[in-house]
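Below is one structure, written out as structure tokens; comments come after it.
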Amino acid sequence: MMRMKQIYPRIYAEETIYSIASRLVLNNVSSSISQSMLNVFDNKNIQLDSILPSFINRLSLVSGCSHNELLDKHSLFQYYTLFSTESVREQARALLLKENSLDAFKTLGLLANRISSGDVHQFCPVCAKEQGKQFGETYWLRAHQLPLTNSCYKHHCRLVSIPKQRKRLLFPLIDCEPSFAISTLEHKLASFNYAFSQSHHFDPVRLKQTYAIRLINRELATTRFVRHSLWREQMRVYFDEYMSHDAVFKLLQNDAEYAFPASIFYNDEANHHPLKHLLICTFLFEHVDDFIDSYTQKEPLKVVHAEPITPQSEIDALRQSTALMLLRQGLPLRQIIQVVDVSAATVRNIARKHSISLKEQERKVSDSIRRGITIQLIIGRHVADIANKFNLKKSDVEQVLSGQPIIKELRRRIRFYHHRQQARRALIATLYTLKTPTITLLRRSADKEYMWLFKHDKSWLNSFKKFYFKSG
Numbered sequence: 005m006m007r008m009k010q011i012y013p014r015i016y017a018e019e020t021i022y023s024i025a026s027r028l029v030l031n032n033v034s035s036s037i038s039q040s041m042l043n044v045f046d047n048k049n050i051q052l053d054s055i056l057p058s059f060i061n062r063l064s065l066v067s068g069c070s071h072n073e074l075l076d077k078h079s080l081f082q083y084y085t086l087f088s089t090e091s092v093r094e095q096a097r098a099l100l101l102k103e104n105s106l107d108a109f110k111t112l113g114l115l116a117n118r119i120s121s122g123d124v125h126q127f128c129p130v131c132a133k134e135q136g137k138q139f140g141e142t143y144w145l146r147a148h149q150l151p152l153t154n155s156c157y158k159h160h161c162r163l164v165s166i167p168k169q170r171k172r173l174l175f176p177l178i179d180c181e182p183s184f185a186i187s188t189l190e191h192k193l194a195s196f197n198y199a200f201s202q203s204h205h206f207d208p209v210r211l212k213q214t215y216a217i218r219l220i221n222r223e224l225a226t227t228r229f230v231r232h233s234l235w236r237e238q239m240r241v242y243f244d245e246y247m248s249h250d251a252v253f254k255l256l257q258n259d260a261e262y263a264f265p266a267s268i269f270y271n272d273e274a275n276h277h278p279l280k281h282l283l284i285c286t287f288l289f290e291h292v293d294d295f296i297d298s299y300t301q302k303e304p305l306k307v308v309h310a311e312p313i314t315p316q317s318e319i320d321a322l323r324q325s326t327a328l329m330l331l332r333q334g335l336p337l338r339q340i341i342q343v344v345d346v347s348a349a350t351v352r353n354i355a356r357k358h359s360i361s362l363k364e365q366e367r368k369v370s371d372s373i374r375r376g377i378t379i380q381l382i383i384g385r386h387v388a389d390i391a392n393k394f395n396l397k398k399s400d401v402e403q404v405l406s407g408q409p410i411i412k413e414l415r416r417r418i419r420f421y422h423h424r425q426q427a428r429r430a431l432i433a434t435l436y437t438l439k440t441p442t443i444t445l446l447r448r449s450a451d452k453e454y455m456w457l458f459k460h461d462k463s464w465l466n467s468f469k470k471f472y473f474k475s476g
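Following my numbering, the numbering of the sequence shown begins with 5 at its first residue and continues without gaps.
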């Protein structure tokens, strides 16, 4: 039997691949979603909401939209290849057009970086109402699906999240009231993300030069090295309101394995997740135009004063003589290292050469206090509270914790169980405040807790819905 030709659907500007594909499936009236998927894509198991979809060829055929237009203007391909080299971008594009999304992910380093993609769709209530009024239907926008984007770049209101579902095709709701309670940092992140989504690509070498110059001008680097610890600590403070986000916490935790943010300079051929560049740009630059100007016009280095260049041999001789003087004065090893700016091995060699005994610095935290701190850490007390209890700095407590990987894992679990208990209680309490409880009303009333449970405690959430509602 000859199949009737598919009528090309309307495709909107900046509409996502998922949105286009879902409308095609729904327009194909059939006995079930699975059958409609078969009719449209010849496959009922494809993942419509993938950030790098493997069904571009088929979608191009049934939508009348070219492969490149779908990839560049409707998928997140441009966003996730924005900071890659041209050869990597072309290789990833070719793999996607061969329906090999797994190798495309590998090529872009998206499987190796441990930063998971979002498991929710997001929309702006104001955008949805405008779409419904103008077109009679709603659709998903690319810029609202980017990592760390919580607000609409256009209307400056908070985005609403809907969990992704494999067996249901979802679209933005038009009856949600917008919330304009967003922070300056949330708006700044959304602005940078939107700018990234509209850009073609950045040259990796020039981009790193732009970062380096701004770091030097902010005294977070010199022409020889990056002050990694200081840079990361300042970023931790700057992004404090986002430290509960898993990806941000992994990147900026004190004992991070990935050595972010300085790792961005390690390898010109490395593919870093756009989230890393987003955090760096948002931190280093005042606004999007500040970043673009610095990148395109090459920000000049701030020169305080010009001095004749001192030969390295003279610098080394001065450092050694200064270190010897401080050793004879009886200063401890750590203090000499900080003052003279030399390595511990250099100081030890100078001391050995001149038969000088190194002075051990008294430990600020005694063994008895260290044991007390360890006990407090084990039971899950906050670092700041422990520091206040023992009249110490937070860094002193963190130093005790730094050598205790088992205690770190225990504290992570304690935080998780505490958060889980709070989220469960909040959801139950919210349920009893609703006159006519429905799952939709419950989710809207306790959106933050509902989404946390959906991500981290889905089995309990499903059991909860089955117990209190006739259908989950």
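Each residue gets a CB set at the ideal place from its N, CA and C atoms; glycine is no exception.
Item                                                                                                                                                                                                        : Value
Could you spell out where the alpha helix (DSSP H) holding I24 opens and where it closes?                                                                                                                   : 21 to 31
Enumerate in chain order the residues of its own chain whose CB-to-CB distance from V33 is below 8 Å, with the five nearest sequence positions on each side excluded.                                       : S40
Since S58 contacts S105 with CB under 8 Å, what's their CB separation in whole angstroms?                                                                                                                   : 4 Å
I need the boundaries of the alpha helix (DSSP H) containing P167, first residue and last residue.                                                                                                          : Premise fails: P167 lies in the beta strand (DSSP E), 164 to 167, not in any alpha helix (DSSP H).
Using 8 Å as the cut-off, can you tell me whether the region 202 to 221 makes contact with the region 79 to 98, which would need three or more C-beta pairs spanning the two stretches below that distance? : yes
Among the candidates S201, S399, I382, whose CA atom is the shortest distance from the CA of A388?                                                                                                          : S399
Determine contact between the region 184 to 196 and the region 149 to 157, defined as no fewer than three beta-carbon pairs at a distance below 8 Å.                                                        : yes
Just to confirm, are I55 and L80 a CB contact at a threshold of 8 Å?                                                                                                                                        : yes
So what's Q126 in DSSP terms, helix, strand or just coil?                                                                                                                                                   : strand
So the alpha helix (DSSP H) K439 belongs to, where does it begin and stop?                                                                                                                                  : Careful: K439 lies outside any alpha helix (DSSP H) and carries neither H nor E.
Is H453 near L435, with beta carbons less than 8 Å apart?                                                                                                                                                   : The amino acid at residue 453 is misidentified as His; the sequence shows Glu. In this structure, L435 does not lie closer than 8 Å to E453 by Cβ.
Taking just the CA atoms, how far does L362 sit from R352?                                                                                                                                                  : 8 Å
Q126 and V164 look like a contact to me (Cβ under 8 Å); what is the Cβ gap, rounded to whole Å?                                                                                                             : 7 Å
Does the beta-carbon of A185 have 16 or more other beta-carbons within 10 angstroms, so that it is buried, or is it exposed?                                                                                : exposed
Is H148 near C128, with beta carbons less than 8 Å apart?                                                                                                                                                   : yes
Skipping 5 residues on each side, what residues in its chain have a beta carbon closer than 6 Å to that of S23?                                                                                             : Y143, W144
What alpha helix (DSSP H) runs, 4 residues minimum, are completely inside the region 220 to 289?                                                                                                            : 232 to 242, 250 to 256, 278 to 288
The alpha helix (DSSP H) spanning F109 covers which residue range?                                                                                                                                          : 105 to 111
Under a three-way DSSP split, which group does R457 fall into?                                                                                                                                              : The sequence given here places Leu at residue 457; Arg does not occur at that position. Helix.
Take N392 as the anchor and find which of G113, R419, I377 has the nearest alpha-carbon.                                                                                                                    : I377
Report the rounded CA-to-CA distance for V124 versus Q257, giving the unit in angstroms.                                                                                                                    : 25 Å
How many angstroms separate the CA atom of L74 from the CA atom of P151?                                                                                                                                    : 20 Å
Can you tell which of I341, G334, Y16, K77 has its C-alpha closest to the C-alpha of G140?                                                                                                                  : Y16
Taking 8 Å as the threshold (C-beta atoms), are I220 and T226 in contact?                                                                                                                                   : yes
Three or more beta-carbon pairs under 8 Å between the region 332 to 339 and the region 227 to 244, yes or no?                                                                                               : no
In this structure, what does DSSP give as the bridge partners for S155?                                                                                                                                     : R162
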